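Student: Numbering follows the working numbering, with no gaps: position 417 of the first sequence is 419. Idealized CB from N, CA, C, for every residue including glycine. Owing to the predicted nature of the structure, the values given are computational and were not obtained by experimental measurement. Let me begin by handing over the structure; questions about it come next.
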Amino acid sequence: MKLQELLSQHIKTAVQENYNVSLEEVEFQATRKDFEGDVTVVVFSMLRTVKGNPVQIGETIGQYLVTHVDEVSKFNVVKGFLNLVLSDQHYLDFFNTIENFSTFGTVPTAADAMMVEYASPNTNKPLHLGHVRNVLLGYSVAEILKASGKKVYKTQIINDRGIHICKSMLAWQRYGNGETPQSSGLKGDKLVGNYYVKFDQEYKKELEQLVAGGTPTEEAKTSAPLLLEAQEMLRKWEAGDDEVVSLWKKMNGWVYEGFDATYENIGVDFHKNYYESDTYLLGKDFIEQGLQKGVFEKDPDGSVWCDLTDEGLDRKIVLRSDGTAVYMTQDIGTAIQRVKDFPDVNGMIYTVGNEQDYHFKVLFLILKKLGFSWAENLYHLSYGMVDLPSGKMKSREGTVVDADDLIDDMAATAKKISEELGKIDDFSEEEKENLYKTIGLGALKYYILKVDPRKRILFNPEESVDFQGNTGPFIQYTYARIQSILRKAAEDKNNTSTAEGSLALHEKEKELIKILQQFPDTVQLAAQNYSPALIANYTYDLVKEFNSFYQNVPIFNAEHKAEVAFRVALCSAVGEVIKTAFSLLGIEVPNRM
RNA sequence: GGUCGCAUAGCUCAGCUGGAUAGAGCACCUGCCUUCUAAGCAGGCGGUCCCAGGUUCGAAUCCUGGUGCGAUCACCA
């Protein structure tokens, strides 16, 4: 039984015996640092049922607990707060019952499956910092859900069709001179992205000419020859024109190679990719169904709508009057297809920016109205935009922080710091490069994941990402320190005897075990809230406490052998939990740094 | 204009279902490497929790109304 439940029962009994009333709930909280104690019972909240002076009630309950519950060794009452000091034995018992800290906090996978979509790139440009946030968030949430006991499928939807890719294709055709990734040595996604920018530049030139020639600006925007040509290309693509389709395949192929390299670099993967070119027509089949069910209605011009005014939303179009699909139609179809592909899926999470909050609200409502059982378990993991000091990132204008460049920069910073410190001079070049990347990525991922997803991030490339304080590298460093201790302990076999006997716990040891105890609940809470930030904050608390322990409590120079063994075991446990927690954030931990 | 989200130290952020004197990091200032990795530890400085009401024994947290910032409200995706 959990300690709080145990205490709760006894407190209820104590109240019953002393005041002859039955208490519904007992409220606990962690004892504040400035007071002595481990758990605090809030007496204030009992006053509704138990009449009397809160201090006296606290004293009475405290007295009862000390005499009846082994785990409670002391107590004190401050105002309406009953602070309980737990016995060392309670902490030791907990610590010793955990057989293997490497799986501590995680739950074996159950049958209940979720699908997490966490990327939806367009194929006309390379991935940038905005995509990085998206991918890191989704990947981490997928890992957290897995650790909390869910089966998880990871997926991405690739936006591979439409006017945007036609723009790149057209510009390449006109100005590319047959350039390929092989011929230029450029990464495929970068190459295609360059032509997207090129298109925009040429288009703007045309605009200026038209406007100079007297065409009104608005009219020029829609009548520029280059744009008309791109639209013509899109029509040809939809008609299956051989030449256009083969160019499309070729250029998208380059982009996928580039994306794959970036994803691998970041360290994320997917079970299955969905392509819009395959799915954009899927939803149309369900329009008829929806009409029959009365979920949708047809206007005289043939367009089909879903009336959501009862839910406080608008009327939403799901099929154009010419019978073609819109974005919403496609998303309806894709969702249904996913459940067909993975029949055990009973819910989906969409990791998409908050600019699409409204879209997903509508999508989920429609799917519910269509009567799919899994529609009850849809969640839009909405995150804030990543902005630069100069404002929004815009691919067309080249004001983006490129994902690959960013990762390289982070590794370069890690390299600089490592070389200054000179602790790994004996590493091989390959080992060094791996470590720099691990640290650089750790810094970046932690920096992004530790903040609440809803908040927008202002990223200043000039100031870069910290490597000290509440950062990924600080936590990785602590892990490396622990490994160093474990290596030393392994050399000295005398220290490996198991911790036995009654130890008097150091205050720092007690604090550490207390934090370790919270890990399983933290994983569940993070899963319920889809929040990697909770894992990040937890890990930081644990690590901060560990470093304090490390610097204030001798390990190998402890007085008794049993103490040495226990402290080594404690270090090992903390190390394992750091490793697990960081794996949930998609961050690796080094053995040395 | 309607709807949604955000607002906490100079900066970046925590603050769980309401609880004690609102916490970290960065920056700034003091100490600590002959001893388990100083990417660290110990401490100092720093607050009108956007504003005004309300609920409550108790509000950064909940409710109402403002202000500011962002997003969204297309037969675009």
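Report, in whole angstroms, the separation of the C-beta atoms of N161 and T125, which I expect to be a contact under 8 Å.
Tutor: For this step, residue 161 is matched to residue 159 along the first sequence. For this step, residue 125 is matched to residue 123 along the first sequence. Their Cβ separation, rounded to whole angstroms, is 7 Å, which keeps N161 and T125 in contact under 8 Å.
Student: Under three-state DSSP, which class holds E590?
Tutor: The count along the first sequence starts at 1 and reaches residue 590 at position 588. Coil.
Student: Which class does I368 belong to by DSSP, given the choice of helix, strand or coil?
Tutor: Walking along the first sequence from the start, residue 368 turns up at place 366. Correct three-state label for I368: helix.
Student: Over the uninterrupted beta strand (DSSP E) stretch that includes Q31, give me the two end residues.
Tutor: Translated into the one-based positions of the first sequence, residue 31 becomes position 29. From DSSP, the beta strand (DSSP E) with Q31 extends over 30-32.
Student: Just checking, does the segment 214-224 make contact with the segment 173-192 on the three C-beta pairs under 8 Å criterion?
Tutor: Verdict: no, contact absent.
Student: DSSP beta-bridge partners for I351?
Tutor: Stepping through the first sequence from its first residue, residue 351 is reached at position 349. BP columns for I351 point to V118, Y381.
Student: Taking buried to mean at least 16 other C-beta atoms within 10 Å of its own C-beta, is N497 buried or exposed?
Tutor: In the first sequence, residue 497 corresponds to position 495, counting from 1. Residue placement at N497 is poorly supported in this model, since its pLDDT is 49, which falls under 50; the coordinates are not used for a value here.
Student: If you reduce the DSSP assignment to three classes, tell me which class G335 lands in.
Tutor: As a first step, residue 335 is located in the first sequence; it is residue number 333 there, counting from the start. Correct three-state label for G335: helix.
Student: Classify V602: buried if its beta carbon has 16 or more other beta carbons within 10 angstroms, exposed otherwise.
Tutor: For residue 602 there is no data in the structure shown, the boundaries of the chain being 3 and 595.
Student: Do you know offhand how far L591's Cα is from G577's?
Tutor: Numbered from its first residue, the first sequence carries residue 591 at position 589. Numbered from its first residue, the first sequence carries residue 577 at position 575. Before going further, note that residue 591 is Val rather than Leu in the sequence given. Between V591 and G577, the C-alpha separation is close to 10 Å.
Student: Does Y282 come out as helix, strand or coil in the three-state DSSP assignment?
Tutor: On the first sequence, position 280 is the one that residue 282 refers to. Coil, per DSSP.
Student: Residue range of the alpha helix (DSSP H) that K417 falls in?
Tutor: As a working note, residue 417 is residue 415 in the first sequence. Here the alpha helix (DSSP H) through K417 covers 405-423.
Student: Under a three-way DSSP split, which group does L212 fall into?
Tutor: As a first step, residue 212 must be located in the first sequence, where it is residue number 210. Correct three-state label for L212: helix.
Student: Any idea if L460 is buried or exposed, counting beta-carbon neighbours within 10 angstroms, 16 or more meaning buried?
Tutor: Numbered from its first residue, the first sequence carries residue 460 at position 458. Per the 10 Å Cβ criterion, exposed.
Student: What are the complete beta strand (DSSP E) segments, minimum 3 residues, inside the segment 460-536?
Tutor: Counting only runs of 3 or more, we get nothing.
Student: Please look up how many angstroms separate the CB atoms of A405 and L129, rounded, as I've assumed it's under 8 Å.
Tutor: Numbered from 1 along the first sequence, position 403 holds the residue referred to as residue 405. Numbered from 1 along the first sequence, position 127 holds the residue referred to as residue 129. Yes, A405 and L129 are in contact; Cβ-Cβ is about 4 Å, under 8 Å.
Student: When the Cα atoms are used, what is the spatial distance from I515 to V555?
Tutor: Within the first sequence, residue 515 is the residue found at index 513, counting from 1. Within the first sequence, residue 555 is the residue found at index 553, counting from 1. Those two C-alpha atoms are separated by around 15 Å.
Student: In the DSSP output, what is R317 paired with across the bridge?
Tutor: Translated into positions along the first sequence, residue 317 becomes position 315. Paired residue(s): D309.
Student: Is it buried or exposed, G325, if we count other Cβ atoms within 10 angstroms and call 16 or more buried?
Tutor: Along the first sequence, one-based indexing puts residue 325 at 323. Its Cβ having fewer than 16 others within 10 Å, G325 is exposed.
Student: Strictly by DSSP, which residues pair up with A263?
Tutor: On the first sequence, residue 263 is found 261 positions in, with the first residue counted as 1. BP columns for A263 are empty, so no partner.
Student: Just the C-alpha distance for E313 and I338, rounded to the nearest angstrom, thanks.
Tutor: As a first step, residue 313 is located in the first sequence; it is residue number 311 there, counting from the start. As a first step, residue 338 is located in the first sequence; it is residue number 336 there, counting from the start. Rounded to whole angstroms, E313 to I338 spans 23 Å at the Cα level.
Student: Flag this pair as touching only if the segment 91-103 and the segment 226-240 have three or more C-beta atom pairs under 8 Å; answer yes or no.
Tutor: No: fewer than three Cβ pairs fall under 8 Å.
Student: Mapping DSSP to helix, strand and coil, what is Q6?
Tutor: Within the first sequence, numbered from 1, the residue matching residue 6 stands at position 4. Three-state result, Q6: helix.
Student: Expressed to the nearest angstrom, what Euclidean distance is found between the alpha-carbon atoms of N254 and G393?
Tutor: Within the first sequence, numbered from 1, the residue matching residue 254 stands at position 252. Within the first sequence, numbered from 1, the residue matching residue 393 stands at position 391. Between N254 and G393, the C-alpha separation is close to 29 Å.
Student: Would a C-beta distance cut-off of 9 Å place L572 and F97 closer than the cut-off?
Tutor: Position 570 of the first sequence, counted from the first residue, corresponds to residue 572. Position 95 of the first sequence, counted from the first residue, corresponds to residue 97. Yes; because the gap between Cβ atoms is below 9 Å, this pair is in contact.
Student: Between the segment 371-391 and the segment 346-358, do three or more beta carbon pairs fall short of 8 Å?
Tutor: Touching, yes, given that three or more Cβ pairs across the two stretches are closer than 8 Å.
Student: Just the C-alpha distance for C168 and G400, rounded to the nearest angstrom, thanks.
Tutor: Counting from 1 along the first sequence, the entry for residue 168 is found at position 166. Counting from 1 along the first sequence, the entry for residue 400 is found at position 398. Between C168 and G400, the C-alpha separation is close to 19 Å.
Student: Along the chain, where does the alpha helix (DSSP H) that runs through Q175 open and close?
Tutor: Taking the first residue of the first sequence as position 1, residue 175 is located at position 173. Taken as a continuous stretch (DSSP letters only), the alpha helix (DSSP H) holding Q175 covers 165-177.
Student: At which residue ranges does the segment 37-91 contain complete alpha helix (DSSP H) runs of 4 or more residues, listed in the order of the chain?
Tutor: Here the runs fully enclosed are 56-70.
Student: Can you give me the Cβ contacts of R317 inside the same chain, cut-off strictly under 6 Å, excluding the 5 residues immediately before and after it?
Tutor: Indexing the first sequence from 1 puts residue 317 at position 315. Hits under 6 Å: W307, D309.
Student: Do Y448 and S420 have their C-beta atoms closer together than 9 Å?
Tutor: For this step, residue 448 is matched to residue 446 along the first sequence. For this step, residue 420 is matched to residue 418 along the first sequence. Against a cut-off of 9 Å, the Cβ pair of S420 and Y448 comes out as no contact.
Student: Below 6 Å CB to CB, which residues in the same chain sit around Q158 once its five sequence neighbours on both sides are set aside?
Tutor: Numbered from 1 along the first sequence, position 156 holds the residue referred to as residue 158. If we look at Q158 and ignore the five residues flanking it on each side, its Cβ neighbours are A121, F272, N275.
Student: Less than 9 Å separating the beta-carbons of V525 and I289?
Tutor: In the first sequence, counting from the first residue as 1, residue 525 sits at position 523. In the first sequence, counting from the first residue as 1, residue 289 sits at position 287. Contact: no.
Student: By DSSP, does F106 sit in helix, in strand, or in coil?
Tutor: The residue you call residue 106 lines up with position 104 of the first sequence. Coil.
Student: If you drop the 5 nearest sequence neighbours on each side, which residues of the same chain put their C-beta closer than 8 Å to that of Q470?
Tutor: Locating residue 470 in the first sequence gives position 468, where the first residue counts as 1. If we look at Q470 and ignore the five residues flanking it on each side, its Cβ neighbours are F476.
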